[in-house]
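>
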Amino acid sequence: MNARRARQSTAKGVLITAVAVALVVGCSTIETEPEANSSGTESEFFDINEATIASLTDAMESGTLTSVELTAIYLNRIATYDAGGINLNSVNVMNEQALDDAARMDELRAEGTILGPMHGIPFTVKDSYKVDGLTVASGSPAFAGLRADEDAFTVEKIREAGGIVLGKTNMPPMANGGMQRGEYGRAESPYSSEYLTAAWGSGSSNGSGTSTAANFATFGMGEETVSSGRSPASNNGLVAYTPSRGVVSIRGNWPLWPTRDVVVPHTRSVEDTLAVLDVVASRDERPEGDFWLTQPFIEIPDIDDVRPESYDDLKQTDSLEGKRIGVPRMYLNKDDESETPIATRQSVIDLWDNTAQELSELGAEVVEVDFPLVENFFEDRPGAESMYTRGYVAEEWEALERGDLASFWMEQFLASNEDPSYTSFGDVDPATIFPNPSRLPADPAATTKSWQTRIDAIVDRMPEDIFTMDGLGDALAGYDRTREEDFDSWLAANDLDLLAFPAVADIAAQDSDINIEANEHAQSYGVGRSATDHVMRQFGIPSVSVPMGLVDDIDMPMNVTFAGLPYSDNELLSYAFAYEQATHHRPLPVRTPALDTDRVEIVDDETRRPETRQDTDAPELSVVTRDVDRGGLTPRVEVTVTSSDPSGIADLWLTANGDRISLVEANQGTYEATVLLDRYTSAGDAGPVDGIRLVTLSKDRAGNASADTRVLPTR
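Per the UniProt record's numbering, the sequence shown starts with residue 1, numbered consecutively.
And the structure:
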């Protein structure tokens, strides 16, 4: 056993001892340790941490768990670590209907109706996704009150399959960056208080990365335009899939650069990625808002010709056998020709060396190669020529793509969302869109000016049909010609099946927004953005990133990224599955350990299954709070919990920001508790706690559950 594996095994062993549960990460198998119950017989417990979609579904089908209970457990973890405690600050817009939605899923299950493979599964979405009735600020103060008029395509599909939106996750304004602070601040790392949870320059799905890694939901939906899906996945030991053009519709998401924007599921296992794709990789009958599905210039394959009949078919543990894998030298500190070499951390190189050995043991041939697509794009060495230098794409198009085209697409999104308070960018104060993006000395006017330029473009020259923009079709054709020469043909000439490389050269420090030296490192080439920068998104190259372990000198996760030809998505997913199943390198986040409320006693009783149990009514539950001595010496909130059920109450708990609050029975079915406010005013990683989240759960002896959540102001 090497040092890295010993470290991870030891960490997992501590967790197993603490909660009496072992989780086999990356599959749906759950092993449990027996525990004596009050009757002297042995009980086994199911722990929701790291549980897959399949194992959670099994637990709900057996009667061990309900969707209400699962949702309440996640809400309690959010209250403990995200809104309170270390204040990771990753889930900022809560769906107040989540418990009601979960109750509906439980009722349908009891009736024998299953909506789909996500039935009863809670998930999060980035703040740039539309969720009907919730705000869709995209992290920007300018749009803090903007309400979505419908669900984004992926949200719609997951909800149709029974999924429950738990909340929306943190991001910088308009996804235009990485770890800059927006309307809700930024998310922090569940692994270390010393390092960022995503890359400084391109990690805008930072809230999705943190929340999924910390088990605040079963999975999260992020995005990527440069590396904003891959980066937080790598820093959080998650799987990230960036699809080829048109595989997953991005309708209903705020755009950044529409030619590059893609949806990115964040999961804790490839198995769960495949489960999500079975739902969201489907035809969008009204794709307006997805650039590639609506543009008339480049033929996009039909989804039925791209996706497998079932993504489960890609679970192939031998898929890497006989494959020839290219590893670009530029990411291994072996690129002597580059005028701007990437400095990869030595411990990352060491981790990669182990990964290369593992790939070889899985039957692959691993060879070091150049990387002409990236070399030419950045013209980083003598003789390298970009698509602009070669005349494949007009030089002025680079500015038009990021300027006019992006601006027009944003205006189209805003106009299509029927909120009468937000009808046009022309009505927005540019100073509020992306305020001073860091706490470093900076010029807020520079940011204001860039957004004023976009607003001017919209007001002065927004076309009725964006696809009539001069040069657009030629530019898209030039992208494809460049990729075919520099990537597709190059792979074939070198007999390469895929590329693999460390996801990023290094991980930036947590104080990169206040420490100038740290900020310089955070913005350096290879660190500020994931490997390949925005090249893969520019040319529609798919990728799958999976954990390859901990960087041992900083105890932060790192991914390996697999990339290949356009529409080789299925092959890449099967390679990622094979590697994950052979290695299981996802490290558990040390800052968000399991809570006692995360464990549910396993039921092995056919009469408790939802469709066969006699009692299917959830317990009656009432929670009443009263302020006492506000402004006095001992400000507190007194809580009265009343719960009853004909079959009897089997479990009843109340937490305040994760603290288990003692319930004292006042009379039959009525309990009293006291929450002392002074306990909850200290600051966590993201700043002071603004409120106390109460979570209450009542579960009857038949297995039905009711829950309540509310926020108490601390001031």
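Where is the CB? At the ideal position from N, CA and C, for every residue including glycine. Since this is a predicted model, take the numbers as computed values, not measurements.
If contacts are defined as beta-carbon pairs under 8 Å, then residue 328 and residue 371 qualify, I think. What distance do you get, rounded to the angstrom?
Indexing the sequence shown from 1 puts residue 328 at position 328. Indexing the sequence shown from 1 puts residue 371 at position 371. Distance from residue 328 to residue 371 at the Cβ level is roughly 4 Å; contact confirmed, criterion being Cβ atoms closer than 8 Å.
> When you compare each of 676, 647, 644 to residue 773 by their alpha carbons, which one comes out closest?
Within the shown structure, residues of the chain are numbered from 1 to 715, placing residue 773 beyond reach of any answer.
> Give a yes or no on whether the C-beta atoms belonging to residue 139 and residue 190 are separated by under 8 Å.
Here residue 139 refers to the residue found at position 139 of the sequence shown. Here residue 190 refers to the residue found at position 190 of the sequence shown. For residue 139 and residue 190, no; Cβs fall outside 8 Å.
> According to the neighbour-count rule (16 or more other Cβ atoms, all chains shown, within 10 Å of its Cβ), is residue 267 buried or exposed?
For the purposes of this step, residue 267 is identified with residue 267 of the sequence shown, where counting begins at 1. That one is buried.
> To the nearest angstrom, how far is it from the Cα of residue 699 to the Cα of residue 617?
Translated into the one-based positions of the sequence shown, residue 699 becomes position 699. Translated into the one-based positions of the sequence shown, residue 617 becomes position 617. Cα-Cα distance, rounded: 11 Å.
> Output the residue ranges of the beta strand (DSSP E) runs that lie fully inside the region 223-259 and measure 3 residues or longer, sorted by chain position.
239-242
> Which residues does DSSP list as the beta-bridge partners of residue 713?
Taking the sequence shown and counting its residues from 1, one reaches residue 713 at position 713. For residue 713, which the question treats as bridged, DSSP gives the partners 691.
> Using DSSP with H/G/I as helix, E/B as strand and the rest coil, what is residue 177?
Position 177 of the sequence shown holds residue 177. Here residue 177 sits in coil by DSSP.
> Where residue 157 and residue 339 are concerned, what is the direct C-alpha to C-alpha distance, given to the nearest angstrom?
Here residue 157 refers to the residue found at position 157 when the sequence shown is read from its first residue. Here residue 339 refers to the residue found at position 339 when the sequence shown is read from its first residue. The straight-line gap from Cα to Cα measures roughly 47 Å.
> With 16 other CB atoms within 10 Å as the buried threshold, where does residue 280 fall?
The sequence position of residue 280 within the sequence shown is 280, counting from 1. By the neighbour-count criterion, in which 16 or more other beta carbons inside 10 Å mark a residue as buried, residue 280 falls on the buried side.
> I think residue 103 touches residue 257, with their Cβ atoms under 8 Å apart; what is that distance to the nearest whole Å?
Sequence index remark: in the sequence shown, residue 103 carries index 103 (1-based). Sequence index remark: in the sequence shown, residue 257 carries index 257 (1-based). With a Cβ gap of about 40 Å, residue 103 and residue 257 do not count as contacting.
> In the structure shown, what three-state DSSP assignment does residue 498 receive?
Walking along the sequence shown from the start, residue 498 turns up at place 498. Correct three-state label for residue 498: strand.
> Could you give the first and the last residue of the continuous alpha helix (DSSP H) run that contains residue 152?
Locating residue 152 in the sequence shown gives position 152, counting from the first residue. Looking at the DSSP string, residue 152 is not in any alpha helix (DSSP H), and its letter there is neither H nor E.
> Measure from the alpha carbon of residue 344 to the alpha carbon of each residue in 652, 75, 504, 187, then state which is nearest.
Locating residue 344 in the sequence shown gives position 344, where the first residue counts as 1. Closest by alpha carbon: 504.
> Just to confirm, is the Cβ distance from residue 512 to residue 239 under 8 Å?
Your numbering for residue 512 matches position 512 in the sequence shown. Your numbering for residue 239 matches position 239 in the sequence shown. Contact flag unset, no.
> Beta-carbon separation of residue 180 and residue 574 under 8 Å?
Position 180 of the sequence shown, counted from the first residue, corresponds to residue 180. Position 574 of the sequence shown, counted from the first residue, corresponds to residue 574. Cβ distance not < 8 Å, so residue 180 and residue 574 don't count as in contact.
> What are the uninterrupted segments assigned as beta strand (DSSP E) that are 3 or more residues long and contained completely in the region 85-146, given in chain order?
Taking only runs of at least 3 residues, the beta strand (DSSP E) segments lying wholly in the region 85-146 are 91-94, 122-126.
> Note down, in chain order, each residue of its chain lying with its Cβ closer than 8 Å to the Cβ of residue 29, except the 5 sequence neighbours on either side.
Along the sequence shown, read from residue 1 onward, the residue named residue 29 stands at position 29. Residue confidence for residue 29 is low, a pLDDT of 31 falling below 50, so the modelled location carries little weight and cannot support an answer.
> Just to check my reading of the structure: residue 404 and residue 457 have Cβ atoms closer than 8 Å, yes? What is that Cβ distance to the nearest angstrom?
For the purposes of this step, residue 404 is taken as the residue at position 404 of the sequence shown. For the purposes of this step, residue 457 is taken as the residue at position 457 of the sequence shown. So it is a contact: roughly 5 Å between Cβ atoms.
> Taking the alpha helix (DSSP H) that residue 575 belongs to, which residues open and close that run?
Looking up residue 575 in the sequence shown gives position 575. Start and end: 569-583.
> Judging by CA-CA distance, which residue of 714, 363, 690, 553 is the nearest neighbour of residue 195?
Residue 195 sits at position 195 when you count from the first residue of the sequence shown. It is 553 whose Cα lies nearest to the Cα of residue 195.
> Indicate whether residue 226 and residue 537 have their beta-carbon atoms separated by less than 8 Å.
Reading the sequence shown from its first residue, position 226 is the one you call residue 226. Reading the sequence shown from its first residue, position 537 is the one you call residue 537. Their beta carbons are under 8 Å apart, which means residue 226 touches residue 537 by this criterion.
> Using C-beta distances below 6 Å, list every residue in its chain close to residue 270, excluding the 5 sequence neighbours before and after it, in chain order.
Against the sequence shown, residue 270 aligns to sequence position 270. Counting only Cβ-Cβ distances below 6 Å, and skipping sequence neighbours, we find 239, 576, 577, 580.
> CA-CA distance, residue 287 and residue 451?
For the purposes of this step, residue 287 is taken as the residue at position 287 of the sequence shown. For the purposes of this step, residue 451 is taken as the residue at position 451 of the sequence shown. Whole-angstrom Cα-Cα distance: 27 Å.
> Who are the near neighbours of residue 161 in its chain, counting only those whose CB is closer than 8 Å to its CB and skipping five residues on each side?
Start at 1 with the first residue of the sequence shown, and residue 161 comes out as number 161. Cβ within range, chain order: 115, 116, 117, 118, 119, 279.
> Measure how close the beta-carbons of residue 314 and residue 570 come, nearest whole angstrom, since I'm counting them as under 8 Å.
Here residue 314 corresponds to residue number 314 of the sequence shown, with the count starting at 1. Here residue 570 corresponds to residue number 570 of the sequence shown, with the count starting at 1. Distance from residue 314 to residue 570 at the Cβ level is roughly 6 Å; contact confirmed, criterion being Cβ atoms closer than 8 Å.
> Less than 8 Å between the C-beta atoms of residue 152 and residue 252, yes or no?
Counted from its first residue, the sequence shown places residue 152 at position 152. Counted from its first residue, the sequence shown places residue 252 at position 252. A contact, by the Cβ cut-off of 8 Å.
> With a threshold of 16 other CB atoms inside 10 Å of the CB of residue 323, please say whether the residue is buried or exposed.
By 1-based counting over the sequence shown, the position of residue 323 is 323. Label assigned to residue 323: buried.
> Compute the Euclidean distance between the alpha carbons of residue 701 and residue 649, then round it to the nearest angstrom.
By 1-based counting over the sequence shown, the position of residue 701 is 701. By 1-based counting over the sequence shown, the position of residue 649 is 649. Roughly 6 Å between the two C-alpha positions.
> If residue 222 sits next to residue 264, beta carbons under 8 Å apart, how far is it from one beta carbon to the other, in whole angstroms?
For the purposes of this step, residue 222 is identified with residue 222 of the sequence shown, where counting begins at 1. For the purposes of this step, residue 264 is identified with residue 264 of the sequence shown, where counting begins at 1. The Cβ separation is near 4 Å, so the contact holds.
> Report back the beta-carbon spacing between residue 241 and residue 197 to the nearest angstrom; my notes put them in contact at under 8 Å.
Start at 1 with the first residue of the sequence shown, and residue 241 comes out as number 241. Start at 1 with the first residue of the sequence shown, and residue 197 comes out as number 197. Not confirmed; about 19 Å, so no contact.
> Using the three-state DSSP reduction, which class does residue 80 fall into: helix, strand or coil?
Counting from 1 along the sequence shown, the entry for residue 80 is found at position 80. Helix.
> Starting from residue 209, trace the alpha helix (DSSP H) in both directions and tell me its first and last residue.
As a working note, residue 209 is residue 209 in the sequence shown. Start and end: 206-213.
> Between which two residues does the alpha helix (DSSP H) carrying residue 473 extend?
What you label residue 473 is simply residue 473 of the sequence shown in a count that begins at 1. First-last of the alpha helix (DSSP H) with residue 473: 472-483.
> Quick check: the region 658-673 against the region 635-645, are at least 3 beta-carbon pairs closer than 8 Å?
yes
> For residue 596, which of 635, 661, 143 has the nearest alpha-carbon?
As a first step, residue 596 is located in the sequence shown; it is residue number 596 there, counting from the start. The option with the nearest alpha carbon to residue 596 is 661.
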